[in-house]
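Quick note on numbering: numbering that gives the first Met the number 0 labels position 173 of the sequence shown as 172, and the sequence is numbered without any gaps.
Cβ coordinates follow ideal geometry from the N, Cα and C atoms, glycine included.
In this text the structure is predicted, and so the values were computed from the model without any measurement.
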Amino acid sequence: MRNDIHDHLTGFTTPNTPIYYNKKDGTRMMRRIAKYMKDAGHALMLADKDGSFVVMPQGLFGDKALAAVKNFRISDVKPPKAKKEAVALLEDLKLDRIRREVKNNKVHALIVFFSAKSHKVDCPFRAIVTERRTWQATVSRYLQRQLTGLAPEDPYKIASSDRLVGLLQYSIPGANYGFSIDIEELFYSIPHEDLFKAGPGAYDWTE
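Here's what the structure looks like:
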């Protein structure tokens with residue numbers, strides 16, 4: 000596979016010569032790679048840790064993608080209806096600029112894409128949910144600006160992981176082993192009703 004791709008690109012390079020591409024050559028090369036991948040039935044994606052490329056057959060890509068989203072729950076929310084309700088709420092709140100941006104955005108739902116965990120056995124996929132280019136991103140940026148003024152009391156918050164390392168190193172003799180905590184579905188499993196109730200409490204505490 001690697002040799003096939005290398006041979007396919009030899010027209011753009013010469014032996015022992017640094018590779019520099021102008022915009023035209025770069026675009027032409029990417030189209031050539033994309034055509035090769037499509038014709039060969041391969042999927043091309045980024046590795047999770049080091050940013051390198053991972054190439055695999057389309058069938059294997061489909062199987063791993065399905066495995067990566069097996070923990071997703073099917074929602075009965077209708078994206079166009081949710082957007083319509085958001086626009087109405089923004090209009091009631093007199094947030095005209097935000098309302099216009101949300102109304103004009105054509106992407107109704109969050110977007111899922113994958114990266115390959117090439118550092119793990121069998122190279123499983125990491126499912127990544129992004130709000131980039133969606134109307135939800137417009138709303139979340141506005142909310143983030145308003146929430147930056149809050150200072151909730153968080154007993155577990157630390158300024159840097161170095162503080163935890165220092166505690167383990169100097170305050171707990173014998174704690175010479177590292178550990179990793181993997182919390183699954185943390186953000187998207189937060190109970191919304193409880194979250195909304197906590198918001199006003201944090202605001203009152205700050206005041």
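Exercise for the section: Reducing DSSP to helix, strand and coil, say where S159 ends up. Expected result: coil
Practice task
Please report how far the alpha carbon of K196 lies from the alpha carbon of P190, in whole angstroms.
Solution key: 10 Å
Practice task
Decide if the segment 113-130 is in contact with the segment 45-64; the criterion is three or more beta carbon pairs, one per stretch, under 8 Å apart.
Solution key: Counting C-beta pairs with one atom in each stretch, the segment 113-130 and the segment 45-64 have three or more that are closer than 8 Å, which means they touch.
Handout entry: Rounded straight-line distance, which links the Cα of L92 to that of A64
Key = Spanning the alpha carbons of A64 and L92 requires a straight line of approximately 40 Å.
Handout entry: Pairwise C-alpha distance: S114 and V128
Key = 11 Å
Handout entry: Buried versus exposed, by CB contacts within 10 Å (16 or more), R98
Key = buried
Problem - Neighbourhood of A126 by C-beta, 7 Å cutoff - its chain only, sequence neighbours within 5 removed - result: Contacts found: A67, V68, V111 and F113.
Handout entry: Residue range of the unbroken alpha helix (DSSP H) whose run includes R144
Key = W134 to L146
Handout entry: Buried/exposed call for S95, threshold 16 Cβ in 10 Å
Key = For the record, residue 95 in the displayed sequence is Asp; it is not Ser. With fewer than 16 Cβ atoms within 10 Å of its Cβ, D95 is classed as exposed.
Practice task
Buried or exposed for F60, please, with buried defined as at least 16 other CB atoms from any protein chain shown within 10 angstroms of its CB.
Solution key: buried
Handout entry: Endpoints, beta strand (DSSP E) assigned at P56
Key = F52 to P56
Exercise for the section: Determine the extent of the alpha helix (DSSP H) in which V86 is found, giving its start and end residues. Expected result: Boundaries of the alpha helix (DSSP H) harbouring V86: P78 to D91, taken from the DSSP string.
Problem - Residues bridged to I73 [DSSP beta-bridge criterion] - result: Answer is none; I73 lacks a bridge partner.
Exercise for the section: Starting from the Cα of V106, find the closest Cα among H41, E84 and E130 and give me that residue. Expected result: Here the closest residue by C-alpha is E130.
Exercise for the section: Could you tell me the boundaries of the beta strand (DSSP E) in which R125 lies? Expected result: F124 to T129
Practice task
Please name the residue, chosen from A33, Q143 and G50, that lies closest to A42 on a Cα-to-Cα basis.
Solution key: A33
Exercise for the section: Can you tell me the Cβ-Cβ gap for S117 and A39, rounded? I've got them flagged as a contact below 8 Å. Expected result: Actually they do not touch by this definition, with Cβ atoms about 20 Å apart.
Handout entry: Span separating the alpha-carbon of A81 from that of L88
Key = 11 Å
Practice task
Reducing DSSP to helix, strand and coil, say where V106 ends up.
Solution key: coil
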